[in-house]
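Single-structure report; data block below.
In my numbering, the protein residues as written are 27 to 443.
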């Protein structure tokens, strides 16, 4: 086999395509592998629904595709792209086996980009290529959308919803995960009742049925509650068990901030009250123990005891949980601590969803783990220019995508344009 035949085989090409010429420019460190099809070759009609498989070449168009690097050198595939003359569809551009229609990159190059984009910021992927990060981003977005088009969700019955910060302030992205398949199935901008409506519509597009959703897990935001009630009418709402203690911790901090003006020993102790006891160092545990002494008579200490008592609610037998919650609310309401009393009102207004945890034990623990991955990716990228790009990374990070096969120039799926 000669050199050109060897390169043709290495690229995975078959008749009528072959490598006909190689050019290397040492000054710009670039290798060009020129491709051509055999004279007299015929091609199947590129139209999706046309079965005509014997189209003559009507004309050619010169095109170039970026390929994976050859050692440290950039590699390109210039070729005369064939335009087939179909008796039924007219003149159309014939698809080439090494690249998807409309792309300036080969499938192997795009597969390499996808394999590293999930763990590396776009800017670094672009530097490694080297290509402009906007072009790299478009490649990733295309394949993510193509993979999501194939997402099949007829068996989705239990979901968890949560928002993740897209930027500073109130800018956020809402994500929805299938709790049984343990994967993200939807992400969208913002957090409102409309985000749940968009999820319900997307679920229908992917073979699911919003009416068949039996359970949801979320925080107690009015936006999610309203959206679930309107768009997922048969789902039982369960409030995430980790969200409630977090809300109660906010109440403890509010008590501390109000008390610190008259009790200087509370200065610089915020995390002593907010962290779980098992996460404190020996020194910090001793410091907290000193502050918790009855003789200290700190209102913040009383608030912390109410949080510790509330934690026992989740250890109760389901039959005893309603009475346990009622007793806790009765005592906490008389604590004379306004932030704690406000938390009691929150619990009473959402009692059904809180008690539902004892029946199904649903939580947002899965999304908490996914959120940490998303925020780590955002930190590596030093933020994203738009929420659309962030949503792309959410899907790439938290969904198992059918990536193109690195060892085969044919894609693992046939993406639609």
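From the three backbone atoms N, C-alpha and C, an ideal C-beta is built for every residue, glycine too. Predicted, not measured: the structure shown is a model, and the values here were computed from it.
The Cβ neighbour count for residue 320, taken over all protein chains shown within 10 Å, is under 16; the residue is labelled exposed. Annotated three-state conformation of residue 155 is coil, per DSSP.
In this model, residue 138 and residue 94 are separated by some 8 Å (Cα to Cα).
For the pair of segments examined, the segment 216-236 was found to touch the segment 249-265: the number of CB pairs separated by less than 8 Å reaches three. Every unbroken stretch of the beta strand (DSSP E) spanning 3 or more residues and falling wholly within the segment 259-345 is given here in chain order: 262-265. Residue 204 is positioned such that its CB atom lies closer than 9 Å to that of residue 184. Following the DSSP letters along the chain, one finds residue 47 inside the beta strand (DSSP E) bounded by residues 43-51. Apart from the 5 residues on each side of it in sequence, residue 298 sits with its Cβ closer than 8 Å to the Cβ of 306, 310, 313, 314 and 317 in its chain, given in chain order.
Membership of residue 29 in the alpha helix (DSSP H) is indicated by the continuous run 29-36. Residue 244: member of the beta strand (DSSP E) spanning 241-244, first to last residue. In this structure, the alpha-carbon of residue 186 lies about 15 Å from that of residue 260.
DSSP places residue 67 in no beta strand (DSSP E); its state is neither H nor E.
Only buried fits residue 188, as 16 or more other CB atoms lie within 10 angstroms of its CB. If you look at residue 353, you'll find it in the alpha helix (DSSP H) that goes 347-359. Contact between residue 246 and residue 265 is confirmed by a C-beta separation of about 6 Å, below the 8 Å threshold. Taking each of 171, 146, 42 and 169 in turn and checking the Cα distance to residue 401, the smallest one comes out for 146. Considering only 347, 278, 289 and 348, the residue with the shortest C-alpha distance to residue 322 is 289. One Cα belongs to residue 102, the other to residue 244, and the distance between them is close to 49 Å. According to DSSP, residue 106 shares a beta bridge with 88. The C-alpha of residue 365 lies about 15 Å from the C-alpha of residue 336. Sixteen is the threshold: since fewer than 16 other Cβ atoms of the shown chains lie within 10 Å of the Cβ of residue 345, the residue is exposed. In the three-state reduction of the DSSP assignment, residue 202 falls in the strand class. Going by C-alpha positions, residue 256 is about 17 Å away from residue 234.
By DSSP's assignment, residue 144 forms no beta bridge with any residue.
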